[in-house]
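As structure tokens, the structure follows; a few thoughts come after it.
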Amino acid sequence: MTMTSRERFAAMLNHKAPDRMPVYPLVNSISRQSLGITYEEWTKDINKCAEAIIRTTDELELDCLCTLVDLSVEAADFGQELLYFKDKAACPDPAQRVVPTEGDYDKIPRIDPAKGKRMSEHVELCRKLVKARGKDKPVVAFVFGPLGIVSMLRGQQEMFMDLYTAPDEVKKGVEIVSDVLCDWIDQLCATGIDAVMFDTLYASRSIMSAEMWDEFEGVYMTRIAERVRSHGCAVMIHNCGQGAYFDEQYERMKPVLFSFAHPPQGCADMKEAVEKYADKMILMGTIDPGWFMTATPETLKARVEEELAVFGPSKRYVLSTGCEYPACLDFAFPRQMVDMAKAYTYK
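Position 24, counted from 1, in the sequence shown is what the UniProt record's numbering calls 24; the numbers after and before it change by one each time, with no gaps.
This is the structure we're talking about:
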């Protein structure tokens, strides 16, 4: 019997085999191509953004809708000036920071997300996606973790220095942002979404120690994740870093799904990752987006076959990219991934 996308995810959550492998390459940024608009226009016009995501979901037959637009949504409403571009995601203006010195973290405003332009539009985006396709497909809100948001307001390099020279000041900022995120979670979940996926950017070996991540973000993520579950929604994580801290993040957040690109900390390879974690949570990924820049249909076929051989037997896997698909490419490779997932037969 053919399942809907929603039924596929429900089967996996209940440790049952879906009718076929779910597939969801992170292709939101290229969805703008379906309307022939720029990245900036796609970012700023929530109606066109929703239309593009829905149209791309339908055309590619994707199994999920996610609200990943860029990582500056929250920072913008905290007052951070942004730079917008024609063909890539917006980013903070480094010449204008909300937190100019290590003594200014406590000046981050305690905003009401409902009154912020981008955060309120993100709520509306969720509402539109739920109304359009939520009956048959899961809708997942994408939220940047509090430490990541604080780094947008201060600057990464500056914040990393402050973690050593003024740790208590940094925590004041993370506390404020976490409080606001909890309020935003209430508003997002009220739209009828199924889950919130948190980007815990710094929770990997490639950036900081597990102990440092836990001290500066993990302790805050526990209550944020609990806020999500209080609304009957699921918690998901995205972390594309080298050696992501699966154990520490699972302990803090209890996610039902983890989107990633590289073997987790403590795992020699992806096979070990499946053995250790597929029973705990659905795994999603793991093709490095940069790899697509020189890929061919033949090399992609071989790469996906490797993924299917390692992850497929678990029946707890979503074929995807390990991070956002390159904004400069087209739909050909994602369409090939979908076709291969649909053709895969569970053993």
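Each residue gets a CB set at the ideal place from its N, CA and C atoms; glycine is no exception. Owing to the predicted nature of the structure, the values given are computational and were not obtained by experimental measurement.
Can you give me the start and stop residues for the beta strand (DSSP E) that residue 352 sits inside?
-> In the structure as shown, the chain starts at 1 and stops at 347, and residue 352 therefore has no counterpart that could be examined.
Simplified DSSP state of tyrosine 344, which is helix, strand or coil = The count along the sequence shown starts at 1 and reaches residue 344 at position 344. In the structure shown, tyrosine 344 adopts coil according to DSSP, grouped into three states.
When DSSP builds the beta bridges, which residues end up paired with asparagine 239?
-> By 1-based counting over the sequence shown, the position of residue 239 is 239. Per DSSP, Phe260.
Under 8 Å between the Cβ atoms of phenylalanine 85 and tyrosine 39?
-> As a working mapping, residue 85 is identified with position 85 in the sequence shown. As a working mapping, residue 39 is identified with position 39 in the sequence shown. In this structure, tyrosine 39 lies closer than 8 Å to phenylalanine 85 by Cβ.
For lysine 342 and arginine 20, believed in contact at Cβ under 8 Å, the rounded distance | Sequence index remark: in the sequence shown, residue 20 carries index 20 (1-based). Sequence index remark: in the sequence shown, residue 342 carries index 342 (1-based). About 6 Å separates the two Cβ atoms, so the contact holds.
With which residues is glutamate 198 paired in a DSSP beta bridge?
-> As a working mapping, residue 198 is identified with position 198 in the sequence shown. The sequence shown places phenylalanine at residue 198, not glutamate. Phenylalanine 198 pairs with Val143, Ile237.
Below 8 Å on the Cβ atoms is my guess for glycine 134 versus valine 150; work out the distance and round it to an integer in Å.
-> Indexing the sequence shown from 1 puts residue 134 at position 134. Indexing the sequence shown from 1 puts residue 150 at position 150. About 32 Å; that fails the 8 Å criterion.
Strand pairing of glycine 285, partner residues [DSSP] = For this step, residue 285 is matched to residue 285 along the sequence shown. Paired residue(s): Phe260, Leu319.
Backbone CA spacing between proline 263 and alanine 332 [nearest angstrom] = Looking up residue 263 in the sequence shown gives position 263. Looking up residue 332 in the sequence shown gives position 332. Whole-angstrom Cα-Cα distance: 27 Å.
Anticipated Cβ contact below 8 Å, leucine 163 with isoleucine 224, distance rounded = Along the sequence shown, read from residue 1 onward, the residue named residue 163 stands at position 163. Along the sequence shown, read from residue 1 onward, the residue named residue 224 stands at position 224. No, leucine 163 and isoleucine 224 are not in contact; Cβ-Cβ is about 20 Å, not under 8 Å.
Identity of the residue in Thr56, Ile207, Thr321 nearest phenylalanine 258 by Cα | On the sequence shown, position 258 is the one that residue 258 refers to. Cα-wise, what sits closest to phenylalanine 258 is Thr321.
Quick one: residues in its chain with C-beta nearer than 7 Å to the C-beta of proline 326, no 5 flanking neighbours on either side, listed in chain order?
-> In the sequence shown, counting from the first residue as 1, residue 326 sits at position 326. These residues qualify, in order along the chain: Pro289, Phe292, Met293.
Test item: CB-CB of aspartate 199 and leucine 71 under 8 Å = Translated into the one-based positions of the sequence shown, residue 199 becomes position 199. Translated into the one-based positions of the sequence shown, residue 71 becomes position 71. Their beta carbons are under 8 Å apart, which means aspartate 199 touches leucine 71 by this criterion.
Using alpha carbons as the reference points, say which of Asp269, Val98, Asn28 lies closest to glycine 155.
-> The residue given as residue 155 occupies position 155 in the sequence shown. Taking only the C-alpha atoms, the option nearest glycine 155 is Val98.
Valine 99, DSSP secondary structure in three states | Your numbering for residue 99 matches position 99 in the sequence shown. DSSP places valine 99 in coil when its eight states are reduced to three.
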